[in-house]
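Under the numbering used here, the residues of the sequence shown are numbered 176 to 398, in order.
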Amino acid sequence: MSATIGVITFPGTLDDVDAARASRIAGAKVVDLWHADPDLKGVDAVVVPGGFSYGDYLRSGAISALAPVMRSVVDAANKGMPVLGICNGFQILTEAGLLPGALTRNEGLHFHCVDTYLEVENNSTAWTSTLDKGQKILIPAKHGEGRFQASEETVRQLEDEGRVVFRYTDNFNGSVNAIAGVCSANGRVVGLMPHPEHACELLTGPSLDGLELFVSVVKELEK
Numbered sequence: 176m177s178a179t180i181g182v183i184t185f186p187g188t189l190d191d192v193d194a195a196r197a198s199r200i201a202g203a204k205v206v207d208l209w210h211a212d213p214d215l216k217g218v219d220a221v222v223v224p225g226g227f228s229y230g231d232y233l234r235s236g237a238i239s240a241l242a243p244v245m246r247s248v249v250d251a252a253n254k255g256m257p258v259l260g261i262c263n264g265f266q267i268l269t270e271a272g273l274l275p276g277a278l279t280r281n282e283g284l285h286f287h288c289v290d291t292y293l294e295v296e297n298n299s300t301a302w303t304s305t306l307d308k309g310q311k312i313l314i315p316a317k318h319g320e321g322r323f324q325a326s327e328e329t330v331r332q333l334e335d336e337g338r339v340v341f342r343y344t345d346n347f348n349g350s351v352n353a354i355a356g357v358c359s360a361n362g363r364v365v366g367l368m369p370h371p372e373h374a375c376e377l378l379t380g381p382s383l384d385g386l387e388l389f390v391s392v393v394k395e396l397e398k
C-alpha cells in the first residue's frame, strides 16, 4: 500500500502545492490538511510547508503552532509519526516544541533567495536515508528569518547526539555552526530552512536533490 503524506495549509502558506507535488513524484498518496481541522485523516507522515503563515504576526510560526491541526501533529509526532518542517514549517516546529532552537533574522537583516549547497550530516533520519553522509545537495532557500540560534548547551547537545541533519556550506544567513536543519532525538521529525520541494524537477529547480527527502520517507513508511 502506498504511503500517505498529509500536507498542511495555513492562512499565508505558499508552498503546500509544491510539497504535495514532490510527495506524489516520490510515490506517495497526498492528503490535504487544514489548519483549523485537528483530523489528520489517517496519514502516515506530515509535511509542514513554507510560506508566511498568519502573516508571521507575533513572530514566524508562533500563531500556527497553536492551530488545532498542530496539536494533533504534536501528538502524532510524539508517537513516532514522521514530520518534515520546511522553512516556515521549521519555524512552526520549533514554536510547537517538536524541535529545539529558534529561527531569527538573517545576519545583515537581508532576505535571501539563493540556491545553496547543503552538506548532509545525518542520513539515518526518516527523511534522509537515501542520501549519503557528507553528500552535498543543491537546494533553493528563500527567507528573511532563517538564522538558526540556540543556547550553547542546546547546540552542544545537537552536535554530540548527531542531530544536525544539514549544514550550510556558505552559511549565508549566519546560523550558529552553519546549521541548516536538525532532527528530533528519534530522527522522525526533521526541520530545515531550504526548500527541498523546489528541487524535485529540473524544469523548475536547480537539481533533483530535494526529491530524496520525500523518497526517503516513502521508503521508510513502506518497509
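Note that CB positions come from ideal geometry on N, CA and C, so glycine has one too.
Residue i versus residue j - alpha carbon distance
i    : j    : result
I200 : L388 : 12 Å
H373 : G276 : 25 Å
A203 : T344 : 31 Å
G349 : I267 : 20 Å
G255 : R234 : 28 Å
V195 : L241 : Rather than Val, the amino acid found at residue 195 in this sequence is Ala. Computed Cα separation, rounded: 23 Å.
L278 : E320 : 6 Å
P402 : G309 : The displayed coordinates of the chain run from 176 to 398. Any statement about residue 402 would go beyond what the structure contains.
N298 : L259 : 14 Å
T291 : L367 : 13 Å
F265 : V249 : 13 Å
L383 : H370 : 12 Å
K398 : L386 : 19 Å
V222 : E376 : 19 Å
Short Cβ contact (9 Å threshold) for residue i with residue j
i    : j    : result
S304 : R338 : no
V330 : I354 : yes
E270 : A237 : yes
I314 : L293 : yes
P257 : V364 : yes
Coil, strand or helix - residue i by DSSP
i    : result
D191 : helix
Q310 : coil
D335 : helix
I200 : helix
G389 : It should be pointed out that residue 389 corresponds to Phe in this sequence rather than to Gly. Helix at F389.
D231 : helix
G264 : helix
D207 : strand
T329 : helix
E376 : coil
L367 : strand
Neighbour-count burial assignment, residue i, 16 or more Cβ in a 10 Å radius
i    : result
A178 : buried
S326 : exposed
A301 : buried
L284 : exposed
A211 : exposed
G181 : buried
D307 : exposed
Sequence-distant residues of its chain with Cβ nearer than 7 Å to residue i (five each side left out)
i    : result
G230 : G187
V289 : A316 and F347
D193 : E372 and H373
Residues near residue i in its chain [Cβ-Cβ closer than 8 Å; skip 5 each side]
i    : result
S247 : P213, D214 and L215
E336 : A360
Same chain, Cβ closer than 6 Å to residue i, five either side skipped, listed in chain order
i    : result
E395 : A301
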